[in-house]
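Q: Be aware that the sequence shown starts at 3, since it is given in the numbering used here, and climbs by one per residue.
All residues carry an ideal CB built from backbone N, CA and C; glycine is no exception.
Have a look at this one before I ask anything.
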Amino acid sequence: MSTWRPPLASVLVALATILAPVAAGAAPAPHPDREQTVVTLMFDDGWRGQSAAGDLLAAHGMRATFFVNSGMWTYPDYLSRRQVARLVRQGHEIGGHTLTHARLATAGREVRRREVCQDRADLLALGTTVTSFAYPYGYRDTDLQGVVAGCGYTSARAGDGLADRPPQDPLCDCVARLPFDRDRWAVPVKPTGEAPLDARTLERWVRQAESVGGWVPIVLGRVCDGCGPGSISQQDLTSFVAWLARRPASTRVETFAAVVGASSSSSTRDDVSHDLPPAQQQPPREPRADVTSPSVPARADYAVSVGGLGIGQAQIVGAFVVASMVASLGFRVVSRRRRTHLVRHTA
C-alpha cells in the first residue's frame, strides 16, 4: 500500500532534492553557452618564494605574470636577476613595478620617471618584452599614467576594481568582460583582502566566473605560510593549480598582456598624458589591505543569487530545516484528519 503525501509536502520534498547540492556548497557548473573564462595569475613584488610558483605553473603548462621591482634583485628576500631570467625562459611574462616599490603619490616627476623607466630598462635587458605595469600600492593619477606610457608601457594594473560577490548580481562588477575594452591604464583585479588567500577562495572566484564567462585577474604576493595579506601557502597554491588544470577546456590561463592585448612599444616620450583617458585622482593607500568594501566581507561565501541578492549556505540550510518542520507538521495534521474521516465513514 503506497503512502499518501499531501501536495505541499511533495513540493517541498522535491524542492529540497533539487537544491540540496547548492546547500552543500556545490558551485554552478560552467554554462555551455557562455563566453570562455580566462584566469590570469599575477605575482607582485618579486618575492623569492615566487620562483617555486613559476616552476609549478610551468610544469602544468601555465604562464603567469610577475610584476618585479628590479632594484630589489640584490636583497636576500627577493628574486635575483638570475631567477627572474629563469622565469622568462619558462615563458612567464615579466611586468614592471618600479625600481623599489616606491610611494609615487608624493614623488616628483623626475623620481617617478627614474623609478618607472629604469625598472623597465632593467627588465628589457633580460631579453623579454615588457609592456605591463602595476602601480605600487595601487596609487595612480593622470600624470603618473603619462609617465608610465612615456616609459614604453602599453597597459597598467590597478590595485582593485572587481568585487568579491556572485557575478549573477546585475549590479556587481565581479568579472571583467571579454574582449577587454576598459581603461587599459587602470585594469581592475580581484580584491586581495586583509588575510592570506587560500585555494578555496581562488577556486570560488574561478567557478563564479565560469557561470557567466569573462576574465578573472588574481593578484598574489608572497608564497609562504601566513605571510600576510595577499600571500598564499605553497600547499594551497599547489592545490589550486592542480584543480585549475582539471577545469574544462573553456577555462584557460593567460598572462596579463595576452588578455589586455598589449604590444611592445618603443615610445620614450616625456609626456603622453594627452593620449590617455581621463583618470580619477586617487589618494595613496597601503598595499591591498583596504581594497575590500567593509559592507562586503572578503570571504563571503554565497551559494546562490536570487534577485541580485547573495544567499549563503547557512540561510539555505536554515530554510530547509523550517520547510521540513512545516512539511512534517502539515503531513501529521492532514493524516490525522484523513484517519478521522475514515473512522467516521466506517462507523
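Are the CB atoms of residue 45 and residue 98 nearer to each other than 8 Å?
A: Counted from its first residue, the sequence shown places residue 45 at position 43. Counted from its first residue, the sequence shown places residue 98 at position 96. The answer is no: Cβ separation not under 8 Å.
Q: From residue 191 to residue 253, what does the alpha carbon distance come to, in whole angstroms?
A: Locating residue 191 in the sequence shown gives position 189, counting from the first residue. Locating residue 253 in the sequence shown gives position 251, counting from the first residue. Approximately 18 Å, taken between the alpha carbons.
Q: Would you say the segment 88-104 touches the segment 243-258, given that touching needs at least three Cβ pairs under 8 Å?
A: Yes, since at least three Cβ pairs between the segment 88-104 and the segment 243-258 fall closer than 8 Å, the two stretches touch.
Q: With 16 as the cutoff for other CB atoms within 10 Å, does residue 129 come out buried or exposed?
A: Locating residue 129 in the sequence shown gives position 127, counting from the first residue. Exposed, by the Cβ-count rule.
Q: Are three or more beta carbon pairs between the segment 111-119 and the segment 74-92 nearer than 8 Å?
A: Contact fails: fewer than three Cβ-Cβ distances are below 8 Å.
Q: Go through the segment 135-189 residue by residue and report every complete run of the beta strand (DSSP E) that reaches 3 residues or more, in order.
A: Runs found: 157-163.
Q: Apply the 10 Å Cβ neighbour rule to residue 80 and answer buried if 16 or more other Cβ atoms are within range, or exposed otherwise.
A: In the sequence shown, residue 80 corresponds to position 78, counting from 1. Classification for residue 80: buried.
Q: What residue from 144, 208, 100, 179 has the CA that sits closest to residue 74's CA?
A: Along the sequence shown, one-based indexing puts residue 74 at 72. The residue with the shortest Cα to Cα distance from residue 74 is 100.
Q: Using the Cα positions of residue 201 and residue 242, report the straight-line distance between them to the nearest angstrom.
A: Residue 201 sits at position 199 when you count from the first residue of the sequence shown. Residue 242 sits at position 240 when you count from the first residue of the sequence shown. Straight-line Cα distance between these residues: approximately 5 Å.
Q: Which one or two residues does DSSP pair with residue 39 in a beta bridge?
A: Counting from one through the sequence shown, the residue named residue 39 turns up at place 37. DSSP lists 216, 253 as partners of residue 39.
Q: Run the CB neighbour count on residue 112, radius 10 Å, all protein chains shown included, and call it buried at 16 or more, exposed below.
A: Residue mapping note: residue 112 aligns to position 110 of the sequence shown, counting from 1. The residue is exposed, with fewer than 16 neighbouring Cβ atoms inside 10 Å.
Q: Would DSSP call residue 98 helix, strand or coil?
A: The sequence position of residue 98 within the sequence shown is 96, counting from 1. Strand, per DSSP.
Q: Alpha carbon to alpha carbon, what distance is there between residue 121 and residue 157?
A: The residue labelled residue 157 in the question sits at position 155 within the sequence shown. The residue labelled residue 121 in the question sits at position 119 within the sequence shown. Using only the alpha carbons, I get a separation of about 15 Å.
Q: Helix, strand or coil for residue 238 per DSSP?
A: One-based indexing of the sequence shown puts residue 238 at position 236. Here residue 238 sits in helix by DSSP.
Q: Taking 8 Å as the cut-off, decide whether the C-beta atoms of residue 218 and residue 39 are in contact.
A: By one-based count along the sequence shown, residue 218 stands at place 216. By one-based count along the sequence shown, residue 39 stands at place 37. Yes, these two residues count as a Cβ contact at 8 Å.
Q: Quick check on the DSSP output: what are the complete beta strand (DSSP E) runs of length 3 or more inside the segment 55-138, in order along the chain?
A: Taking only runs of at least 3 residues, the beta strand (DSSP E) segments lying wholly in the segment 55-138 are 67-70, 95-98, 134-136.
Q: May I ask you to report which of helix, strand or coil DSSP gives residue 246?
A: As a working note, residue 246 is residue 244 in the sequence shown. Correct three-state label for residue 246: helix.
Q: Could you give the first and the last residue of the continuous alpha helix (DSSP H) run that contains residue 225?
A: As a position in the sequence shown, residue 225 is number 223, starting the count at 1. Premise fails: residue 225 is in no alpha helix (DSSP H) and is neither H nor E.
Q: The alpha helix (DSSP H) with residue 259 in it runs from where to where?
A: Translated into the one-based positions of the sequence shown, residue 259 becomes position 257. Taken as a continuous stretch (DSSP letters only), the alpha helix (DSSP H) holding residue 259 covers 258-262.
Q: Just the C-alpha distance for residue 104 and residue 140, rounded to the nearest angstrom, thanks.
A: Your numbering for residue 104 matches position 102 in the sequence shown. Your numbering for residue 140 matches position 138 in the sequence shown. In a straight line, the C-alpha of residue 104 is about 11 Å away from that of residue 140.
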